[in-house]
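Residue numbers (my numbering), protein chains in the order written: chain A, 3 to 184; chain L, 148 to 260; chain U, 29 to 219.
The beta carbon of each residue, even a glycine, is placed where N, CA and C say it ideally should be.
Just so it is clear, the structure is predicted and the values come from calculations on it, not from any experiment.
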């Protein structure tokens, strides 16, 4: 009796752990290779930081530097950061099909669109998605389509959106003033 | 009897000289052994040098590994900073977009007054 | 030994420790009689005694750095000689005397007493078991007291005293029962 109960508990724990892993895996998007984009781009940035690389990076963050300190706070609880960004010499030199495959993944259960921006003036399209489990956010995806730049950001893990917002003022990102008018 | 016996024993057991040339033979042997020891010590350098080389190689490899790990770590940090910069930039783009969209649109001044 | 002799010996020891070959030879010459005599009376064979005595000094040469003083040196020489001799006796079957040529000069110092009795005593000592033999030699040849013998042979003091008591009793019995003891051979070289 005791043995079967222990076995049952073990199976429950394993299934929960498996679910958590699966849930984390769901928050990670399958990003295409973007070989075509890379070939056309004048500049490209590709970042793949899994949990081990994040831990390695964290060891070299200098808490005395404000941006490093901000980074350290953000990555606590994260299990992955994946970024693909391409800059082109001409407008909209990238095909929309590549973006479509990523958007399709964001229509899966769990993902919620937080922000959708379509700027006719600047022709900037930005979509921000979050993946929520209960009351916890365990995934973030940003697809930013600008005339000469295309960027996909996928962050996996326990995300603090407030801290992400506080990235403004760091890393060369201008602070957004609420009364900014143009 | 006992005292006499002990006295006789002492007399019987006085020191005797070793055969002539004993000290010279000892000296020759010690010098020969010293030469052999010197030669052996020279050869002992071979395993010692080998051990030292192995240790040095290990230290060099360890140092290389540390340097490699440091390079990897610094590269990972750089990637992280870049990723967070891009994330912040795109979020900022989104926020600006939201802010722009929330501004009331002001009709153009037609000058009809 | 005079104070001057003592100083020169200490000096020789210090110089030998620093690699002075001549100083080491001085040490050998100073102590060769004691070492050789002990080896000879333990092994009852001149050739093997010289071989053992040389071995003792070779070992001394290797371990010279460990010798701290003249007293320590004496102790060391007696200990190593006794140990090596006991080891060889235990390894080899009952040791037999090698007859020596008669023209070999007798090296013993002039002594009072009965030379025949002394010769007999030496022969009887050569028949004692190895450990008892070493005890008797260290007592009557080297003039050590039982506690010193105990340290040299790394033996309990009571064991040393027991060996001494039994050995003297045995010698006395064998001497008083002289008629039963075979007469010593004329070619028996002084041991």
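C-beta atoms of residue i and residue j nearer than 7 Å
i: residue 146 of chain A; j: residue 88 of chain A; result: no
i: residue 141 of chain A; j: residue 128 of chain A; result: no
i: residue 130 of chain A; j: residue 139 of chain A; result: no
i: residue 55 of chain U; j: residue 44 of chain U; result: yes
i: residue 164 of chain U; j: residue 190 of chain U; result: no
i: residue 241 of chain L; j: residue 119 of chain A; result: yes
i: residue 89 of chain U; j: residue 177 of chain L; result: yes
i: residue 64 of chain U; j: residue 167 of chain L; result: no
i: residue 214 of chain A; j: residue 39 of chain A; result: Any question about residue 214 of chain A goes unanswered here, given that chain A covers just 3 to 184.
i: residue 93 of chain A; j: residue 149 of chain A; result: yes
i: residue 58 of chain A; j: residue 198 of chain L; result: no
i: residue 53 of chain U; j: residue 174 of chain L; result: yes
i: residue 153 of chain L; j: residue 141 of chain U; result: no
i: residue 33 of chain A; j: residue 74 of chain A; result: no
i: residue 144 of chain A; j: residue 134 of chain A; result: no
i: residue 149 of chain U; j: residue 202 of chain U; result: no
Outcome for residue i when other beta-carbon atoms lying within 10 angstroms are tallied against a minimum of 16
i: residue 137 of chain U; result: Residue placement at residue 137 of chain U is poorly supported in this model, since its pLDDT is 48, which falls under 50; the coordinates are not used for a value here.
i: residue 132 of chain U; result: In this predicted model, residue 132 of chain U has a pLDDT of only 36, less than 50, meaning its place in the structure is not dependable; the value taken from the coordinates is given anyway. When all chains shown are included, residue 132 of chain U counts as exposed.
i: residue 237 of chain L; result: buried
i: residue 70 of chain A; result: buried
i: residue 196 of chain L; result: exposed
i: residue 81 of chain A; result: buried
i: residue 160 of chain L; result: buried
i: residue 151 of chain A; result: buried
i: residue 248 of chain L; result: exposed
i: residue 160 of chain A; result: exposed
i: residue 144 of chain U; result: exposed
i: residue 182 of chain U; result: exposed
i: residue 202 of chain L; result: exposed
i: residue 82 of chain U; result: buried
i: residue 111 of chain A; result: exposed
i: residue 35 of chain A; result: exposed
i: residue 66 of chain A; result: exposed
i: residue 184 of chain L; result: exposed
i: residue 214 of chain L; result: exposed
Straight-line gap, residue i to residue j (C-alpha atoms, nearest Å)
i: residue 188 of chain L; j: residue 181 of chain L; result: 10 Å
i: residue 135 of chain U; j: residue 163 of chain L; result: Unreliable positioning characterises residue 135 of chain U in this predicted model, as indicated by a pLDDT of 39, which lies under 50. The coordinate reading is nonetheless provided below. Their backbone Cα atoms lie some 5 Å apart in a straight line.
i: residue 226 of chain L; j: residue 51 of chain A; result: 8 Å
i: residue 244 of chain L; j: residue 234 of chain L; result: 15 Å
i: residue 73 of chain U; j: residue 147 of chain U; result: 15 Å
i: residue 80 of chain U; j: residue 67 of chain U; result: 7 Å
i: residue 209 of chain U; j: residue 187 of chain U; result: The predicted position of residue 209 of chain U is uncertain, since its pLDDT is 46 and thus under 50; no value can be drawn from it.
i: residue 199 of chain U; j: residue 171 of chain L; result: 38 Å
i: residue 48 of chain A; j: residue 84 of chain A; result: 8 Å
i: residue 184 of chain U; j: residue 190 of chain L; result: 44 Å
i: residue 168 of chain A; j: residue 217 of chain L; result: 29 Å
i: residue 45 of chain A; j: residue 78 of chain A; result: 30 Å
i: residue 193 of chain L; j: residue 178 of chain U; result: 45 Å
i: residue 228 of chain L; j: residue 200 of chain L; result: 41 Å
i: residue 107 of chain A; j: residue 62 of chain A; result: 34 Å
i: residue 136 of chain A; j: residue 41 of chain A; result: 41 Å
Chain A within 7 Å of residue i, Cβ atoms only
i: residue 213 of chain L; result: no
i: residue 210 of chain L; result: no
i: residue 195 of chain L; result: no
i: residue 199 of chain L; result: no
i: residue 240 of chain L; result: yes
CB contact below 7 Å: residue i versus chain L
i: residue 61 of chain U; result: yes
i: residue 141 of chain U; result: yes
i: residue 126 of chain A; result: yes
i: residue 94 of chain U; result: no
i: residue 80 of chain A; result: no
i: residue 57 of chain U; result: yes
i: residue 45 of chain U; result: no
i: residue 132 of chain A; result: no
i: residue 123 of chain U; result: Residue confidence is low: residue 123 of chain U scores 49 on pLDDT, short of 50, so the model does not pin down where it sits. Its coordinate-derived value is still stated next. No, no contact with chain L.
i: residue 150 of chain U; result: yes
Chain U contact for residue i (CB, 7 Å cutoff)
i: residue 261 of chain L; result: Chain L is shown from 148 up to 260; residue 261 of chain L falls before or after that span and cannot be answered.
i: residue 170 of chain L; result: yes
i: residue 157 of chain L; result: yes
i: residue 221 of chain L; result: no
i: residue 186 of chain L; result: no
Closer than 7 Å at the beta carbon, the chain L residues around residue i
i: residue 63 of chain A; result: 224
i: residue 153 of chain A; result: 233, 237
i: residue 32 of chain A; result: Under the 7 Å cutoff, chain L gives no residues; its nearest Cβ is about 18 Å from residue 32 of chain A.
i: residue 146 of chain U; result: 155, 158, 159
Per-residue contacts from residue i into chain U (C-beta, under 7 Å)
i: residue 216 of chain L; result: By Cβ distance, chain U contributes nothing, its closest Cβ being about 47 Å from residue 216 of chain L, past 7 Å.
i: residue 160 of chain L; result: 69, 165, 168, 169
Beta-carbon neighbours of residue i, restricted to chain A and to distances below 7 Å
i: residue 245 of chain L; result: 117, 119
Residue i CB to nearest heavy atom of the ligand ATP below 6 Å
i: residue 143 of chain U; result: The model on display carries no ligand, and the ligand ATP is accordingly not part of it.
Residue i: contacting residues in chain L (beta-carbon distance under 9 Å)
i: residue 78 of chain U; result: 165, 166, 169, 172
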